[in-house]
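Please read the structure below before turning to the comments.
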Amino acid sequence: MRIFLDTANTSEIRQAARLGVISGITTNPSLIAKEKREDMKSVIEEIASIIDGPISAEVLSLEPKAMIQEAREVSSWSANVVVKIPMSEGGLEAISVLSREGIKTNLTLCFSLNQALLGTIAGATYVSPFVGRLDDISHDGMQLVSDIVKVFDHYKMPTQVLAASIRHPLHVVIAAKAGADIATIPYNVLKQMIKHPLTDIGITRFTEDWQSIQKL
Ligand code: G3P
339 MRIFLDTANT SEIRQAARLG VISGITTNPS LIAKEKREDM KSVIEEIASI
389 IDGPISAEVL SLEPKAMIQE AREVSSWSAN VVVKIPMSEG GLEAISVLSR
439 EGIKTNLTLC FSLNQALLGT IAGATYVSPF VGRLDDISHD GMQLVSDIVK
489 VFDHYKMPTQ VLAASIRHPL HVVIAAKAGA DIATIPYNVL KQMIKHPLTD
539 IGITRFTEDW QSIQKL
């Protein structure tokens, strides 16, 4: 499973990129607004100067024709841009046109197996089940990831399953066990994944034991 960072914060992206564990970035309008950046293009171009892998940038139009036009524009910002299209009738129409043009798409706001199925049939490059938001309403978000992986594998669909709305390290563990192609995670979850109390205790003990012998 690959790990993407789910953020529009370029300091976080620079720091995470140094660790060599991040293969791509996902953003959305809320994440860009959180950074108080009004110009989505400049944010995406800056991210593209840091990260070689796929960078998801979302369209804001809702009508299919406008979505397609906006997606063509967004995809021209950088060779590695993937256009995020929200699930809807217009979104499916846009994905189907864009996939025939070779523009990569990420079906976002996916909350059911039926939505994921329609996304892959329309030609989406990625589908993004929103795990945390399903958990928020007492549905099992990770069960959806697992179901999508099973069905896509069975029918050999090329669309990649991108587990999104990840809230904590256990989500990442379950996504990996479920066979998700990618988990896109907030920076704080990446930091939590690195830490283990036994690692900290072990480092302290090794350091102290080594220092004790130096004093002899
Ligand atoms: O990748 C989608 C993600 O940004 C949504 O996360 O925590 O707002 O549900 P959240």
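Under our numbering, the first residue of the sequence shown carries the number 339, and numbering increases by one thereafter.
For each residue, glycine too, the CB sits at the ideal point set by N, CA and C.
Membership of F342 in the beta strand (DSSP E) is indicated by the continuous run R340 to D344.
In the three-state reduction of the DSSP assignment, I532 falls in the helix class, which pools H, G and I. CA-to-CA, the gap between S550 and R543 works out to about 10 Å. As the crow flies, the alpha-carbon of V435 is around 35 Å from that of G358.
Contiguous beta strand (DSSP E) elements confined to the stretch 453-492 occur at 464-467, taking only those with 3 or more residues. Leaving aside the five residues that flank Q552 on each side, none in its chain has a CB nearer than 6 Å to its CB. Separation of the CB atoms of V527 and H506 is rounded to 6 Å, and the pair is thereby assigned contact status at 8 Å. Counting other Cβ atoms within 10 Å of its Cβ, N366 reaches 16 or more and is therefore classed as buried. Counting every other CB atom within 10 Å of its CB across the protein chains shown gives H492 a total below 16, marking it as exposed.
Under a 10 Å Cβ-count criterion, P524 is classified as buried, with 16 or more other Cβ atoms of the shown protein chains found around its own Cβ. In this structure, N366 has its beta carbon less than 8 Å from a heavy atom of ligand 1. Judged by DSSP in its simplified three-state form, K553 adopts coil rather than helix or strand. Taking 8 Å as the cut-off, the C-beta of R505 counts as close to a heavy atom of ligand 1. Counting along the chain, the unbroken alpha helix (DSSP H) around T348 starts and ends at T348 to R356.
The bridge partners DSSP lists for G362 are F342.
Placement of the Cβ of D377 at a distance of 8 Å or more from every heavy atom of ligand 1 is found. Here the C-alpha atom of Y464 lies approximately 50 Å from the C-alpha atom of D547.
Residue pairing by DSSP places P424 opposite T446 in a beta bridge. Around the beta carbon of K488, a 10 Å sphere encloses fewer than 16 other beta carbons of the protein chains shown; the residue is thus reported as exposed. Looking at the DSSP output, S394 sits in a beta bridge with T364 and V420. At least 9 Å separates the beta-carbon of T522 from that of L508.
The three-state secondary structure of T545, taken from DSSP, is helix.
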